[in-house]
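**Student:** Attaching a single structure in structure tokens format; questions to follow.
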């Protein structure tokens with residue numbers, strides 16, 4: 004077993020950070036009061052309480068639906084959505100600390116005084132929130148930090164799976180060795196977590212592609228989920244290695260992982276560190292340039308968890324991870340909160356995945372910060388929409404505006420109405436190219452509750468051929484290594500690994516690239532109507 | 055006779071709420087501009103049709119709320135309860151935890167059979183509370199997953215279980231550009247199924263209503279709530295009480311039945327459109343007066359030129375001179391200039407309604423040759439004003455209104471189908487390519503039939 008000393012050679016993509024600067028769960032609630040100090044039980048704000056009746060109406064309850072799986076270091080730190088969601092819950096309710104439907108999608112409410120498993124409490128006061136999450140890492144460092152940090156109470160120790168030796172940045176070790184070693188344990192924890200859900204809708208898997216655990220064990224997990232819970236959607240947030248990645252074998256790991264993503268994920272949201280870093284730099288520039296510095300609302304920064312923006316330079320990974328956390332918050336906002344046009348997670352897959360293989364969605368979040376101006380004139384609102392399509396706001400190095408759209412989703416939060424949405428679609432449509440069979444390929448949603456610190460926000464998800472360059476580059480880096488058989492023996496000596504794994508993986512990727520190329524080829528062709536069925540008069 | 059409303063999906067429930075709210079507040083409005091006796095008769099008629107009495111005096115809507123996820127129903131119930139004026143029945147809703155994902159196949163093939171018994175039981179309970187059932191309103195969108203798929207399934211069930219009662223589907227036609235990417239697939243599947251199991255489809259187009267909000271109502275930032283209120287106004291203007299043969303104080307007992315009889319003479323032609331005049335913001339109402347002559351002249355021109363609202367009417371369009379072929383009988387490629395009708399129903403509400411002259415609507419040139427204008431044209435009246443409009447007129451038309459929108463949707467769906475995009479999402483749940491083809495065939499037939507009247 005490789006021990007930590009191997010890290011000297013295969014350094015991890017992210018140096019283990021100091022505990023994130025969360026001020027603690029308490030600040031997550033709007034008035035900062037101690038959660039346990041409680042008031043009377045009140046009916047939920049939406050309440051005409053409904054009674055269960057076997058014959059007729061079912062009790063109307065919000066589904067608790069989402070499970071976080073964070074394999075690997077990157078994944079574990081993805082637990083940040085947890086705090087974000089605490090903060091997001093509608094304040095009149097959480098001031099009194101009521102466990103409501105929005106919170107229940109990501110957390111269980113447990114009475115920790117009860118010995119044993121602690122049955123979940125379905126409504127009423129919040130006693131103790133436990134994230135519906137399983138954290139997995141084959142080393143203990145990152146998970147230990149989380150357990151010592153301010154989120155320690157949120158993650159149940161029973162929800163962790165760790166080992167000590169690490170995967171040595173080796174996909175084969177993560178996938179084959181740890182996969183078989185921990186399969187049963189993982190399944191057991193998942194089943195337990197799933198049992199606590201009224202209605203399990205979706206798994207979020209957060210991992211990186213370039214390492215060993217996140218990449219290898221993470222993708223192993225996908226297969227397990229598909230077999231065990233075939234009807235539950237698998238959303239994967241994958242951090243792709245940037246060009247200057249310092250893990251030498253990251254191309255191998257990524258391509259081996261890609262094959263699994265192609266086959267077993269419902270939807271993948273690729274992210275890369277370089278784009279996240281660029282976004283942070285851009286924010287820093289705006290904040291520190293003095294031009295807007297004074298008027299930027301601290302809590303509104305897409306990178307902030309609670310206004311710690313001054314410390315960004317020292318701990319860029321926290322800020323970067325917060326962007327991803329915000330991505331997931333916005334993705335699920337319409338499922339958690341009310342709005343005039345709701346969008347559930349299963350609608351994302353339905354609308355944005357026209358063919359099973361083409362399920363890679365480029366995401367962009369706007370605005371990055373809010374000025375202290377309360378009255379937002381329509382022009383600024385429109386700017387938000389324009390920004391969503393600019394390549395500077397994408398979470399991956401990609402330029403959707405100059406590539407071909409297969410489909411696009413706009414998830415709007417806050418005080419935005421259908422007319423604003425339509426006006427902007429009309430305005431932006433002419434400058435975007437959509438595939439011939441989906442000229443009006445827009446999916447939209449309106450959620451009434453904005454993120455903390457903003458009056459409105461927009462998440463755009465694009466199924467666009469602009470992901471192709473990322474994959475092509477990945478393949479090139481892979482081939483450079485593979486041609487020389489560099490480091491290959493580290494993989495082949497793992498039981499179950501053969502050269503065919505590599506060749507199959509790269510041809511799977513090539514097939515995907517080919518599909519995108521074929522679509523790109525249709526870009527400048529004129530759109531012709533297919534002749535219709537003719538009917539006898 | 056009573057009408058039971060089934061509200062399906064987010065759209066159906068949001069609109070359903072506005073409909074009941076409008077019906078209620080109009081029937082209790084003090085601006086009926088008529089005598090007390092008249093008002094009471096009107097109220098009683100509306101009540102019998104759409105509400106039932108509860109012990110503590112708060113009327114309960116005759117409605118069943120169905121959705122596959124809980125958020126919207128929660129909101130709808132609480133909004134109604136908050137008004138304090140009326141509410142929904144305590145056990146009148148059915149809900150699941152996970153939506154239909156905008157997937158018609160999921161709504162139709164999974165949610166439908168799975169929840170059939172529970173939903174039909176709920177409807178049964180509501181029906182039992184009616185002294186005499188006229189029929190059903192089913193309010194649904196055709197673009198989403200629940201309203202469209204489950205809506206089609208339920209309508210079929212209603213046809214089987216209540217074959218003697220009428221089914222009118224209030225369908226919401228999506229915006230041309232993107233609410234849902236697969237909206238065209240969902241729409242054609244819904245329309246083809248409804249064509250077989252519904253008695254009439256009353257179509258409400260989002261695009262048209264949106265324009266009304268923008269141009270006529272002067273709303274700056276239009277929300278779905280605004281749109282739904284206009285829709286509710288349109289529905290109310292048709293289904294609020296009107297006089298039967300006996301005249302004042304005697305209200306028509308079965309508007310749904312009468313409407314079907316008047317407007318749907320042949321099962322091949324069941325797509326109905328609705329137009330209202332006047333339509334304006336409340337602020338402007340105070341400063342406007344109308345004459346019936348003026349209103350009816352505009353309404354007639356809206357009919358023959360296929361205008362969706364009273365602004366921007368094309369006055370150049372004229373009915374064909376009798377004896378010569380109608381200008382409208384052209385292929386679809388060219389602008390359909392003259393809108394030929396199969397049957398029309400005009401509803402007049404307000405002051406001096408007896409003086410209104412409707413001769414313009416009886417011109418045989420407006421209609422197909424196979425119905426006499428006497429049969430093809432009907433008018434309902436009441437002097438009781440509606441929704442604060444001193445005078446208002448509604449037109450429900452079975453005409454070529456909807457050829458263009460239908461043709462557009464079929465065309466877009468066909469283009470997408472040719473590339474097989476998204477089909478795997480439907481086949482996953484049992485809807486095969488043949489089902490798509492069947493739907494296309496049926497709808498092309500409908501388009502062709504309407505084009506050739």
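Chains as they are written, first to last, in my numbering: chain F, 4 to 540; chain A, 55 to 507.
The beta-carbon is built from N, C-alpha and C at its ideal position, and this holds for glycine as well.
1. Whose CA, out of 174(F), 188(F) and 411(F), lies closest to the CA of residue 139(F)?
2. Work out the CA separation of residue 398(A) and residue 18(A) for me, nearest whole Å.
3. Does the segment 162-177 of chain F come close enough to the segment 195-215 of chain F to have 3 or more Cβ pairs within less than 8 Å?
4. Confirm, please, whether the CB-CB distance from residue 451(F) to residue 344(F) is below 8 Å.
5. Please check the pair residue 370(F) and residue 416(F), which I expect to be a contact at CB under 8 Å, by giving their CB distance rounded to whole angstroms.
6. In this structure, how does DSSP classify residue 478(A) when only helix, strand and coil are distinguished?
7. Taking Cβ-Cβ distances shorter than 8 Å, what residues in chain A pair up with residue 174(F)?
8. By Cβ distance, which residues of its chain are closer than 6 Å to residue 467(A), with the 5 residues on each side in sequence left out?
9. Identify which residue in 105(F), 397(F) and 497(F) has its Cα closest to the Cα of residue 280(F).
10. Run down chain A in chain order and give the residues with a C-beta less than 8 Å from the C-beta of residue 410(F).
11. At a CB distance below 9 Å, what residues from the segment 150-168 of chain A approach chain F? Give them in sequence order.
12. Tell me residue 163(F)'s beta-bridge partners as DSSP assigns them.
13. Which residues of chain A have a Cβ atom closer than 9 Å to the Cβ of residue 367(F), listed in chain order?
14. Taking the C-alpha atoms as reference points, what is the distance between residue 90(A) and residue 438(A)?
15. Measure from the alpha carbon of residue 224(F) to the alpha carbon of each residue in 392(F), 250(F), 186(F) and 441(F), then state which is nearest.
16. List in chain order: all unbroken beta strand (DSSP E) runs of 3+ residues lying wholly within the segment 361-436 of chain F.
17. Sort 162(F), 134(F), 511(F) and 253(F) by Cα distance to residue 173(F) and report the nearest one.
18. Give a yes or no on whether the C-beta atoms belonging to residue 254(A) and residue 326(A) are separated by under 8 Å.
19. Anything in the segment 423-434 of chain F with a Cβ closer than 8 Å to a Cβ of chain A? List those residues in chain order, please.
20. Look up residue 110(F) in the DSSP assignment and say whether it is helix, strand or coil.
21. What residues are listed by DSSP as bridge partners for residue 347(F)?
22. Taking only three categories from DSSP, how would you classify residue 88(F)?
23. Would you mind telling me which residues of chain A sit closer than 8 Å to residue 343(F), beta carbon to beta carbon, in chain order?
24. Between which residues of its own chain and residue 4(F) is the CB-CB distance below 6 Å, once the five residues before and five after are set aside?
25. Using the beta-carbon of each residue, which ones in chain A are nearer than 7 Å to residue 536(F)?
26. In angstroms, rounded to a whole number, what distance separates the CA positions of residue 497(F) and residue 355(F)?
27. At which residues does the beta strand (DSSP E) containing residue 329(A) begin and terminate?
28. Tell me which residues share the same chain as residue 26(A) and place their Cβ nearer than 8 Å to its Cβ, disregarding the 5 neighbours each side in the sequence.
29. Evaluate the contact criterion for the segment 429-440 of chain F versus the segment 471-484 of chain F: three or more CB pairs, one atom per stretch, below 8 Å.
30. Would you kindly check if the distance between the Cβ of residue 209(F) and the Cβ of residue 240(F) is under 8 Å?
31. Along the segment 434-452 of chain F, where does the CB come closer than 7 Å to a CB of chain A? Name the residues.
32. On a Cα-Cα basis, can you pick out the residue from 279(A), 145(A), 106(A) and 248(A) that is closest to residue 64(A)?
33. DSSP on residue 231(F), reduced to helix/strand/coil?
34. Do residue 400(A) and residue 449(A) have their beta-carbon atoms positioned less than 8 Å apart in this structure?
35. Can you give me the start and stop residues for the beta strand (DSSP E) that residue 356(A) sits inside?
36. For residue 224(A), report the span of its beta strand (DSSP E) as first-last.
**Tutor:** Result, derived from the coordinates:
1. To locate residue 139(F), count along the first chain from 1; it is residue 136. Nearest option by C-alpha distance: 188(F).
2. There is simply no residue 18(A) to check, as chain A begins at 55 and stops at 507 in what is shown.
3. Touching, yes.
4. Mapped onto the first chain, residue 344(F) falls at position 341. Mapped onto the first chain, residue 451(F) falls at position 448. Not a contact, by the Cβ cut-off of 8 Å.
5. Locating residue 370(F) in the first chain gives position 367, counting from the first residue. Locating residue 416(F) in the first chain gives position 413, counting from the first residue. With a contact defined as Cβ atoms closer than 8 Å, residue 370(F) and residue 416(F) miss out at about 11 Å.
6. Here residue 478(A) is taken as the residue at index 424 of the second chain, counted from 1. DSSP places residue 478(A) within a helical segment (H, G or I) once states are collapsed to three.
7. Along the first chain, one-based indexing puts residue 174(F) at 171. None at all; the shortest Cβ gap to chain A is about 29 Å.
8. Counted from its first residue, the second chain places residue 467(A) at position 413. In chain order, 238, 239 and 242 place their CB closer than 6 Å to the CB of residue 467(A), counting only its own chain and leaving out the 5 sequence neighbours on each side.
9. As a position in the first chain, residue 280(F) is number 277, starting the count at 1. Ranked by Cα distance from residue 280(F), the first of 105(F), 397(F) and 497(F) is 397(F).
10. By one-based count along the first chain, residue 410(F) stands at place 407. Within chain A, the C-beta atoms nearer than 8 Å to that of residue 410(F) come from 235, in chain order.
11. Those residues of the segment 150-168 of chain A that come within reach of chain F (Cβ to Cβ, closer than 9 Å) are 150, 151, 152, 153, 154, 155, 156, 157 and 160.
12. As a working note, residue 163(F) is residue 160 in the first chain. For residue 163(F), the beta-bridge partners assigned by DSSP are 138(F).
13. Against the first chain, residue 367(F) aligns to sequence position 364. Here the premise fails: no neighbours, minimum Cβ distance about 18 Å.
14. As a first step, residue 90(A) is located in the second chain; it is residue number 36 there, counting from the start. As a first step, residue 438(A) is located in the second chain; it is residue number 384 there, counting from the start. If you take the alpha carbons of residue 90(A) and residue 438(A), they lie about 10 Å apart.
15. In the first chain, counting from the first residue as 1, residue 224(F) sits at position 221. Of the listed residues, the one whose Cα sits closest to residue 224(F) is 186(F).
16. Listed in chain order, the complete beta strand (DSSP E) runs (minimum 3 residues) inside the segment 361-436 of chain F are 365-369 and 407-417.
17. Position 170 of the first chain, counted from the first residue, corresponds to residue 173(F). In this structure, 253(F) is the residue among 162(F), 134(F), 511(F) and 253(F) with its C-alpha nearest to the C-alpha of residue 173(F).
18. Translated into the one-based positions of the second chain, residue 254(A) becomes position 200. Translated into the one-based positions of the second chain, residue 326(A) becomes position 272. Yes. Within cutoff.
19. Answer set for the segment 423-434 of chain F: 423, 425, 428, 429 and 432.
20. Here residue 110(F) refers to the residue found at position 107 of the first chain. Strand at residue 110(F).
21. As a working note, residue 347(F) is residue 344 in the first chain. For residue 347(F), which the question treats as bridged, DSSP gives no partner whatsoever.
22. As a first step, residue 88(F) must be located in the first chain, where it is residue number 85. Note that residue 88(F) has pLDDT 46, beneath the 50 cutoff, so the model's placement of it is unreliable and the number below is only indicative. Residue 88(F) sits in a helix when the DSSP states are folded into three classes.
23. As a working note, residue 343(F) is residue 340 in the first chain. Under a criterion of Cβ atoms nearer than 8 Å, the residues of chain A adjacent to residue 343(F) are, in order, 68, 277, 278 and 279.
24. Within the first chain, numbered from 1, the residue matching residue 4(F) stands at position 1. Model confidence at residue 4(F) stands at a pLDDT of 28, short of 50, so the residue's coordinates are unreliable; what they give is reported in the following sentence. Only residues of its own chain outside the window of five on either side were considered, and among them 168 have a CB closer than 6 Å to the CB of residue 4(F), listed in chain order.
25. On the first chain, position 533 is the one that residue 536(F) refers to. Those within 7 Å of residue 536(F) in chain A are 494, 495 and 498.
26. As a first step, residue 497(F) must be located in the first chain, where it is residue number 494. As a first step, residue 355(F) must be located in the first chain, where it is residue number 352. Here the alpha carbon of residue 497(F) sits roughly 38 Å from the alpha carbon of residue 355(F).
27. Here residue 329(A) refers to the residue found at position 275 of the second chain. Segment 325-331, the beta strand (DSSP E) holding residue 329(A).
28. Residue 26(A) lies beyond the residue range present for chain A, which begins at 55 and ends at 507; the question has no answer from this structure.
29. Judged by Cβ distances under 8 Å, the segment 429-440 of chain F makes no contact with the segment 471-484 of chain F, as fewer than three pairs qualify.
30. In the first chain, residue 240(F) corresponds to position 237, counting from 1. In the first chain, residue 209(F) corresponds to position 206, counting from 1. Result yes, Cβ atoms of residue 240(F) and residue 209(F) sit closer than 8 Å.
31. Listed in sequence order: 440, 441, 443, 444, 445, 446 and 447.
32. Taking the second chain and counting its residues from 1, the one referred to as residue 64(A) is at position 10. Ranking the options by Cα distance to residue 64(A), first place goes to 279(A).
33. Within the first chain, the letter at position 228 stands for residue 231(F). Residue 231(F) falls in the helix class under three-state DSSP.
34. The sequence position of residue 449(A) within the second chain is 395, counting from 1. The sequence position of residue 400(A) within the second chain is 346, counting from 1. It is a contact, given that the beta carbons lie within the stated cut-off.
35. One-based indexing of the second chain puts residue 356(A) at position 302. Premise fails: residue 356(A) lies in the alpha helix (DSSP H), 346-359, not in any beta strand (DSSP E).
36. Along the second chain, one-based indexing puts residue 224(A) at 170. Its beta strand (DSSP E) spans residues 220-227.
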